[in-house]
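Read in order, the letters of the sequence shown correspond to residues -20 to -1, 1 to 256 in mature numbering (1 follows the signal peptide of the UniProt record, and there is no 0).
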Amino acid sequence: MSQAASVLVLFGVLLHHVFSGGPFEPPFGCQGLKLSEQNRTETLNLINRMRSKVALGQFRAQNILSSASNMDKMAWNCELEKLAEEVVAKCRKNLPPIGRKYGRNYLLFGPSSTVYQRQFPLQSAMKQWSAISNLAWPASNIFNGNLALRPFANIIRAKTVSVGCSADKCRGRSAVACVFSSPNVRRRSKVYISGTPCQDDHQCNRFSPAFCENGLCVNSVRLTTTALPTTTSTTASTTTTTTSATTSTTASTSTTTASTTTPTTTKDNDYKKTEH
């Protein structure tokens, strides 16, 4: 890739981070924190898949949740991850305060939990927080105060723009915390607005720049990776051969030049779940 193309891609990445509450994919830029980039990526993808399923009307509790007209893609925030790391330290039962500005999900896997839960606490916590099939979600999307629903409500709250999570493994225990940019959902507060989710970029008009992705509005520019044409050549003797989109062979008496041109390609980034 040429220097000019590298600058354009870097500029796109910077815009992707500046206009949102943080990055939506790696690199996240969280220096000096314990969580790996792989765990950050997987955790954020799981959260946004939940939000997408709700937005598209595909999530089921005892009832199917209504689709959402104002659901946004959540970004990763390193400062919130730092707060979460402080919460999970030493797998405590008594949690340190984080203030009313932020919401928090916390889960402690003790000796009676499974080996998988203690070994993969982040994945296990996301699974448990989203397991609400035996609970009734309020049809009005107004939180009814059911504490068993609060972790899920915190995750899908429409106005929450960013999150940071962390985990710690202790002797016979593991702890997980996610800290959200909005306070904990309270009783009688609206979690999201029922309606038709976005299908086109122009429907994401609550902020700018923005685009639509899987029913979620993304507060960023659409990031693409562009590879510019590259040309390689070799010199020999007796015959001249030129290879391009159309191939032709010409006999001559002096040099051989093989020139290959790759057309410009553009590919939208997409997130992928990493399996452990």
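Just so you know, even glycine gets a beta-carbon here, dropped at the ideal spot from N, CA and C.
| Do residue 68 and residue 76 come within 8 Å of each other at the CB atom, strictly closer than that value? | Here residue 76 is taken as the residue at index 96 of the sequence shown, counted from 1. Here residue 68 is taken as the residue at index 88 of the sequence shown, counted from 1. Contact: no.
| field | Classification of residue 23 by the beta-carbon crowding that lies within 10 angstroms, buried from 16 upward | value | Looking up residue 23 in the sequence shown gives position 43. Classification of residue 23: buried, given that the 10 Å Cβ count is 16 or more.
| Between the C-alpha atoms of residue 130 and residue 96, what's the straight-line distance to the nearest angstrom? | Locating residue 130 in the sequence shown gives position 150, where the first residue counts as 1. Locating residue 96 in the sequence shown gives position 116, where the first residue counts as 1. Those two C-alpha atoms are separated by around 24 Å.
| field | Cβ neighbours of residue 139 in the same chain (closer than 7 Å, five flanking residues each side left out) | value | Start at 1 with the first residue of the sequence shown, and residue 139 comes out as number 159. Exclusion of the five residues before and after residue 139 leaves 162 as the residues of its chain whose Cβ lies within less than 7 Å of its Cβ.
| said: Between the segment 4 to 16 and the segment 104 to 116, can you find at least three pairs of beta-carbon atoms closer than 8 Å? | reply: Counting Cβ pairs under 8 Å, fewer than three are found: no touch.
| query | Looking at the C-beta of residue 34, does it have a partner C-beta in chain C at a distance below 8 Å? | reply | The chain labelled as chain C is not found in the depicted structure, where only one protein chain is given.
| said: Spatial neighbours of residue 154 within its chain, please: C-beta separation below 6 Å, excluding the five flanking residues on both sides. | reply: If you number the sequence shown from 1, residue 154 lands on position 174. For residue 154, where only same-chain residues beyond five positions count, the Cβ hits under 6 Å are 89, 98, 101.
| request: Count the other C-beta atoms from every protein chain shown that fall within 10 angstroms of the C-beta of residue 28, then say buried if there are 16 or more, exposed otherwise. | output: Within the sequence shown, residue 28 is the residue found at index 48, counting from 1. Residue 28 should be labelled buried.
| query | Based on the DSSP output, what are the partners of residue 56 in its beta bridges? | reply | Within the sequence shown, residue 56 is the residue found at index 76, counting from 1. Beta-bridge pairing links residue 56 to 143.
| query | Does DSSP put residue 34 in a helix, a strand or coil? | reply | Position 54 of the sequence shown holds residue 34. The answer is helix: DSSP assigns residue 34 an H, G or I state.
| Test item: CB-CB of residue 144 and residue 57 under 8 Å | In the sequence shown, residue 144 corresponds to position 164, counting from 1. In the sequence shown, residue 57 corresponds to position 77, counting from 1. In this structure, residue 57 lies closer than 8 Å to residue 144 by Cβ.
| query | Which class does residue 122 belong to by DSSP, given the choice of helix, strand or coil? | reply | Within the sequence shown, residue 122 is the residue found at index 142, counting from 1. Three-state result, residue 122: strand.
| said: Between 132, 118, 46, 182, which has its C-alpha nearest residue 87's C-alpha? | reply: In the sequence shown, the residue the question calls residue 87 occupies position 107. Cα-wise, what sits closest to residue 87 is 132.
| Straight-line gap, residue 15 to residue 109 (C-alpha atoms, nearest Å) | If you number the sequence shown from 1, residue 15 lands on position 35. If you number the sequence shown from 1, residue 109 lands on position 129. The straight-line gap separating the alpha-carbon atoms of residue 15 and residue 109 is approximately 20 Å.
| message | Applying the 10 Å Cβ sphere with the 16-neighbour rule, what's the burial state of residue 137? | response | For the purposes of this step, residue 137 is taken as residue 157 along the sequence shown, with counting starting at 1. Classification of residue 137: buried, given that the 10 Å Cβ count is 16 or more.
| task | Find the nearest neighbour of residue 63 within the set 198, 189, 160, 202, judged by alpha-carbon distance. | result | The residue you call residue 63 lines up with position 83 of the sequence shown. For residue 63, the nearest C-alpha among the options comes from 160.
| task | Can you give me the start and stop residues for the alpha helix (DSSP H) that residue 132 sits inside? | result | In the sequence shown, residue 132 corresponds to position 152, counting from 1. Start and end: 130 to 136.
| Contacting residues, own chain, Cβ-Cβ under 6 Å from residue 197 (five flanking each side not counted) | Here residue 197 corresponds to residue number 217 of the sequence shown, with the count starting at 1. Scanning its chain for C-beta atoms nearer than 6 Å, with the 5 sequence neighbours on each side dropped, one finds around residue 197 the residues 52, 178, 184, 190, in chain order.
| said: I believe residue 55 touches residue 172 by the beta-carbon criterion, under 8 Å. Please report the beta-carbon distance rounded to the nearest angstrom. | reply: In the sequence shown, residue 55 corresponds to position 75, counting from 1. In the sequence shown, residue 172 corresponds to position 192, counting from 1. Rounded, the Cβ-Cβ distance is 17 Å, inconsistent with contact.
| field | Residues that DSSP places opposite residue 156 in a beta bridge | value | Counted from its first residue, the sequence shown places residue 156 at position 176. According to DSSP, which records beta bridges pairwise, residue 156 is partnered with 87, 147.
| request: Output the distance between the C-alpha atoms of residue 84 and residue 157, rounded to the nearest integer angstrom. | output: Position 104 of the sequence shown, counting from 1, holds the residue named residue 84. Position 177 of the sequence shown, counting from 1, holds the residue named residue 157. If I take the Cα positions, the gap works out to 7 Å.
| query | Beta carbon of residue 125: closer than 7 Å to some heavy atom of the ligand SAH? | reply | Questions concerning the ligand SAH fall outside what the structure shown contains, since it holds no ligand whatsoever.
| said: For residue 125 and residue 167, which I take to be in contact (beta-carbon distance under 8 Å), what is that distance rounded to the nearest angstrom? | reply: For the purposes of this step, residue 125 is taken as the residue at position 145 of the sequence shown. For the purposes of this step, residue 167 is taken as the residue at position 187 of the sequence shown. Between residue 167 and residue 125 the Cβ distance is about 4 Å, and since that is below 8 Å, they are a contact.
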